[in-house]
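Remarks on the structure that follows.
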């Protein structure tokens, strides 16, 4: 290696030594900042604030307390009727719609004719029944004659057995045809008197109102097609959707006040049944009976309601201590606090908080029932005032880091 090259290498070493030293000094000079940044990046549920920040923002601490709570649960729901009050009208045999004059909203009485259908099959069915009954009379006489002969050992056993079989078979056939006529509302007695009809009337099975008309004159309907839907509003009730977290607070007999969307005055009801199935939206259906029934109410109407739950004893925090965001609920738990020395002999206290998830229950007099995680320390301290200030500060710091 030449002398000039050795000098260049020597100067390079001299140049890099102070740079490396400077970098080492800078790294050692900011240990706290690096550690803090690491914590923020790896734990988005923790935050540290000073005593000064606590005082300036009026952030206060307190413990969860046992408290008697009574209050209301605000819910939504709708008016409905029991299954026996909602009827779909169909026929066991198809036919051509000869007559109907029903419209939605029409009031009908039980037994009133809703529509008239026409079909040649109705004629055939009546003819088959009449023929079967006449044949049955003949077979019955033959059976009785063979029975008497059998007693006197005049006829063969097979002849008697055939008479019995023919009679019993026709008896079953005649009864089956009779039941088919009754399904159509045709009188078997009238058929036996020679009255044959090509039409059948569809009667209303209940008193109520027409909610759907699915046919018109001249339309052919198939067997079991729905022709109409009727509703009897004499036992309209409330069906409320309650979030699963509130179900433990409910009891049969709890009072309920509700109102329709266009009303300003409350109506009264009480909890009658509490569902046992949690639906996909995490709600449970609660069935309520109205104190005063009103036939003018329409099933399916949207309602808002308040359930007045009974007094219970539970663990509670001030309602303002609970943060609600995107369907989640959480509070700030004090994990630790330490004293930090500052210049001129002064000190400051750092408070270490962590978000912990909770479930809430009823609210009363500024307090809300909370269900804390099982591993929550006994006599733990929580932020009871200023929780949203901490929440805002955490969001701001998270945005700055991004």
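Residue numbers (full-length UniProt numbering): 1 to 402.
Where a beta carbon is used, it is the ideal one built from N, C-alpha and C, also for glycine.
Residues that DSSP places opposite residue i in a beta bridge
i: residue 240; result: 77 and 286
i: residue 170; result: Bridge partners of residue 170: none, in fact.
i: residue 354; result: 46 and 333
i: residue 151; result: DSSP lists no partner for residue 151.
i: residue 269; result: 256 and 290
i: residue 217; result: According to DSSP, residue 217 bridges with nothing at all.
i: residue 276; result: None, per the DSSP bridge assignment.
i: residue 158; result: Partner(s): none; residue 158 has no beta bridge.
i: residue 209; result: 107 and 231
i: residue 308; result: 72 and 255
i: residue 378; result: Answer is none; residue 378 lacks a bridge partner.
i: residue 349; result: 339
For residue i, the nearest candidate out of the options (CA to CA)
i: residue 47; options: 382, 355, 367 and 372; result: 355
i: residue 328; options: 209, 359 and 308; result: 359
i: residue 234; options: 270, 292, 393 and 183; result: 292
i: residue 403; options: 244, 249 and 136; result: Because residue 403 is not part of the residues shown, which for the chain are 1 to 402, the question remains open.
i: residue 74; options: 148, 88, 305 and 314; result: 305
i: residue 300; options: 232, 191, 137 and 383; result: 232
i: residue 77; options: 388, 110, 217 and 287; result: 287
i: residue 272; options: 343, 263, 251 and 193; result: 251
i: residue 205; options: 320, 62 and 230; result: 230
i: residue 138; options: 120, 392, 149 and 163; result: 163
Residue range of the beta strand (DSSP E) that includes residue i
i: residue 332; result: 328-341
i: residue 203; result: 199-203
i: residue 406; result: Only positions 1 to 402 of the chain appear in this structure, which leaves residue 406 out of reach.
i: residue 318; result: 312-318
i: residue 361; result: 359-364
i: residue 370; result: 367-371
i: residue 385; result: 381-385
i: residue 229; result: 226-231
i: residue 325; result: 323-325
Nearest-angstrom beta carbon gap, residue j and residue i [assumed within contact, 8 Å]
i: residue 69; j: residue 311; result: 7 Å
i: residue 203; j: residue 114; result: 7 Å
i: residue 146; j: residue 159; result: 6 Å
i: residue 238; j: residue 79; result: 6 Å
i: residue 383; j: residue 59; result: 6 Å
i: residue 223; j: residue 83; result: At roughly 23 Å, the Cβ-Cβ gap does not stay under 8 Å, so residue 223 and residue 83 are not in contact.
i: residue 132; j: residue 170; result: 6 Å
i: residue 390; j: residue 353; result: 6 Å
Where the alpha helix (DSSP H) containing residue i begins and where it ends
i: residue 191; result: 188-192
CB contact check: residue i to chain B, cutoff 8 Å
i: residue 259; result: This model lacks chain B altogether; it includes just one protein chain.
Requested in this report: Enumerate, from N- to C-terminal direction, the unbroken beta strand (DSSP E) stretches of 3 or more residues contained entirely within the segment 46-124.
Outcome: The segment 46-124 is shown to contain whole beta strand (DSSP E) runs of 3 or more residues at 46-50, 60-63, 65-69, 72-80, 86-90, 95-99 and 113-118, in chain order.
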